[in-house]
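To keep things clear, I will list the structure first and then write my remarks on it.
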Amino acid sequence: MLRAILNLPFLVILMGLSALMMLVPMAHAVRISDFVTARVFLQSALLFLVLSALIGVAMVNYAPRSSAHSHLVALLSAFVLLPLILAWPMRFLVPDTSYLNLYFEMVSSLTTTGASFFDDPSRLSEPLHLWRAFVGWVGGLLILVSAVAIFAPLNLGGFEVYAARQSAQLAGGMARIQTADTSARLVSYSLRIAPIYALATLVLTVGLVLAGERSFRAFVHAMSTMSTSGITAGHGIEYAASGYAGEILIFVFMLFAVSRLTFSFDRGISVFRAIWQDHEFRLAMAFVSILPALMFLRHWIGAFEVDEQQNTMAALHALWGSVFTTLSFLTTTGFESAHWNDAQNWSGVSTPGIMLIGLAVMGGGVATTAGGIKLLRVYALYKHGRREMQKLSYPSSVGGAGKAARHIRREGAYISWLFFMLFAISTALVMLALAFTGLDFDQNLTFAVSALSTTGPLADSVLGVAGSYALLDDAARAILCAAMVLGRLETLAIIALLNPDFWR
Numbered sequence: 182m183l184r185a186i187l188n189l190p191f192l193v194i195l196m197g198l199s200a201l202m203m204l205v206p207m208a209h210a211v212r213i214s215d216f217v218t219a220r221v222f223l224q225s226a227l228l229f230l231v232l233s234a235l236i237g238v239a240m241v242n243y244a245p246r247s248s249a250h251s252h253l254v255a256l257l258s259a260f261v262l263l264p265l266i267l268a269w270p271m272r273f274l275v276p277d278t279s280y281l282n283l284y285f286e287m288v289s290s291l292t293t294t295g296a297s298f299f300d301d302p303s304r305l306s307e308p309l310h311l312w313r314a315f316v317g318w319v320g321g322l323l324i325l326v327s328a329v330a331i332f333a334p335l336n337l338g339g340f341e342v343y344a345a346r347q348s349a350q351l352a353g354g355m356a357r358i359q360t361a362d363t364s365a366r367l368v369s370y371s372l373r374i375a376p377i378y379a380l381a382t383l384v385l386t387v388g389l390v391l392a393g394e395r396s397f398r399a400f401v402h403a404m405s406t407m408s409t410s411g412i413t414a415g416h417g418i419e420y421a422a423s424g425y426a427g428e429i430l431i432f433v434f435m436l437f438a439v440s441r442l443t444f445s446f447d448r449g450i451s452v453f454r455a456i457w458q459d460h461e462f463r464l465a466m467a468f469v470s471i472l473p474a475l476m477f478l479r480h481w482i483g484a485f486e487v488d489e490q491q492n493t494m495a496a497l498h499a500l501w502g503s504v505f506t507t508l509s510f511l512t513t514t515g516f517e518s519a520h521w522n523d524a525q526n527w528s529g530v531s532t533p534g535i536m537l538i539g540l541a542v543m544g545g546g547v548a549t550t551a552g553g554i555k556l557l558r559v560y561a562l563y564k565h566g567r568r569e570m571q572k573l574s575y576p577s578s579v580g581g582a583g584k585a586a587r588h589i590r591r592e593g594a595y596i597s598w599l600f601f602m603l604f605a606i607s608t609a610l611v612m613l614a615l616a617f618t619g620l621d622f623d624q625n626l627t628f629a630v631s632a633l634s635t636t637g638p639l640a641d642s643v644l645g646v647a648g649s650y651a652l653l654d655d656a657a658r659a660i661l662c663a664a665m666v667l668g669r670l671e672t673l674a675i676i677a678l679l680n681p682d683f684w685r
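If you count the sequence shown from 1, you need to add 181 to reach this note's numbering.
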């Protein structure tokens, strides 16, 4: 029976899992005696379980021609179609809004963007807040499994930077994914990644509870941290009861979105050494160290005008607020420290939002839940630029560091630059589309980067009141839905689906 279920098309399996997911907010609704909400989620779960079973029976003997393109098509279809199912129970529990708004909410959650149409958290009950965070958490797990089970063999999603021989690796990856059993691959990687992902979430939840946070909010913040969705059950972690201790815990667990090696703790203690030597991790630590230091120096100079140089606690608050928020937006989580405003008020000058936009564009590590261009591509461009500067002084020099490093500086940098250009073109097109809805340039840029980098809270952090998603019309929300899916799957994967050779 289980084998027959696993042999079903990937999208059908995801439909059934979406139905089972509804039992989680149902259980919480029963616990708090909200039986109306519990009944809606239970009925929705039964409805889509039956629907999934009927579709599964009808497609039990269906075998796709190419498992390679079926993987990507199923993943694309999941991000487009599953939000229709996930928004169904909210349609009855939040009747004062349109289905498009609820669809936008679920696309945002499933893609781990975290952009919310509901500016007033009191409009949603606790089970609905839990539902949004849980969908984002499962969306993060889906991305982690898909990255190693689908994108890695196809040399997509950032793995192309490490490919020693691009064309040969791509052909070999296509052959492997076509011959391998689809369900076996997904189940194998799910069983390896899901326990680490769930255990880290549980540990963070317990830590936040011990730090003084309420258990419900601790669970929501833990899921949002691990999935980098930035979804909260209130007005943000800056109002959390856990205080400094909670922010430190969240800061540590946000490191899971910096390097793909952080989900490899089952290999032993050598993983810690590998993480420290990882290019992505070191680059992230450089950003987290240098940018807050520059901001701190800038604020310190500005503090001469407001006579706050001797206020040591204000200086420490400003430094910590800068460090935490830098890592948060670099991992596309979008949390703001409770002392992020102190970092600006302490000196009397405001920090430009372009820095947060730049951090979100760079994004986190390859094969993590973070979005953006990814740190590995940024590293490849950096190494290429550094090598070109060396050749200006020594034109006949030969770059060392081995074959892999030479590949990253050459072919890796080339494909990284292509992706960067595709990301820039995608941003320009989304901005142009949003301009037709009546938004100004600042709003177009911020909303486009927020969607394509899957950093929903970026709009509110940069634009303030003008960054409210509730102010957007239906056309703008539809555009952002498409942008969030494009940003989550990445442009190269979409182009791969449009390649005629890929379908043969």
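In this text, a Cβ means the ideal position worked out from N, Cα and C, and glycines have one as well.
- Annotation for E569: the continuous alpha helix (DSSP H) segment containing it runs L556 to S574.
- Excluding five sequence positions before and after L201, the CB atoms of its chain that fall closer than 8 Å to its own CB belong to A226 and L230, given in chain order.
- Counting C-beta atoms within 10 angstroms of its own C-beta, N336 has 16 or more neighbours from the protein chains shown and is therefore classed as buried.
- Annotation: G424 to V221 spans about 35 Å, alpha carbon to alpha carbon.
- Judged by beta-carbon spacing, T608 lies within the 8 Å limit of L633, meaning their Cβ atoms are closer than that value.
- Pairing T506 with A551 gives a Cβ-Cβ distance that is not under 8 Å.
- Its chain contains H460 and L464 as the residues whose beta carbon lies nearer than 6 Å to that of Y560, once the 5 sequence neighbours on both sides are disregarded; these appear in chain order.
- Per DSSP, reduced to three states, the secondary structure at V547 is coil, with no helix or strand assignment.
- For a cut-off of 8 Å, the C-beta gap from L430 to G388 is around 5 Å, short enough to register as a contact.
- Secondary structure of V326 (DSSP, three-state): helix.
- L281 is positioned such that its CB atom lies no closer than 8 Å to that of P206.
- Separation of D523 and L508 (C-alpha to C-alpha, rounded to the nearest whole angstrom) is 17 Å.
- Under the 8 Å Cβ criterion, the stretch 312 to 327 counts as touching the stretch 286 to 299, having at least three qualifying pairs.
- I331 is positioned such that its CB atom lies closer than 8 Å to that of L253.
- Under a 10 Å Cβ-count criterion, L652 is classified as exposed, with fewer than 16 other Cβ atoms of the shown protein chains found around its own Cβ.
- Taking the CA atoms as reference points, I554 sits about 11 Å from V630.
- In the three-state DSSP reduction, V611 falls in the helix class (H, G or I).
- A buried status is given to Q624, since no fewer than 16 other beta-carbon atoms sit within 10 Å of its beta-carbon.
- The beta carbon of A381 lies closer than 7 Å to those of M407, F434 and F437 in the same chain, with the five residues before and after it left out.
- The Cβ atoms of F601 and R558 lie closer than 8 Å to each other.
- Three or more pairs of CB atoms, one per stretch, sit closer than 8 Å, so the stretch 649 to 665 contacts the stretch 609 to 620.
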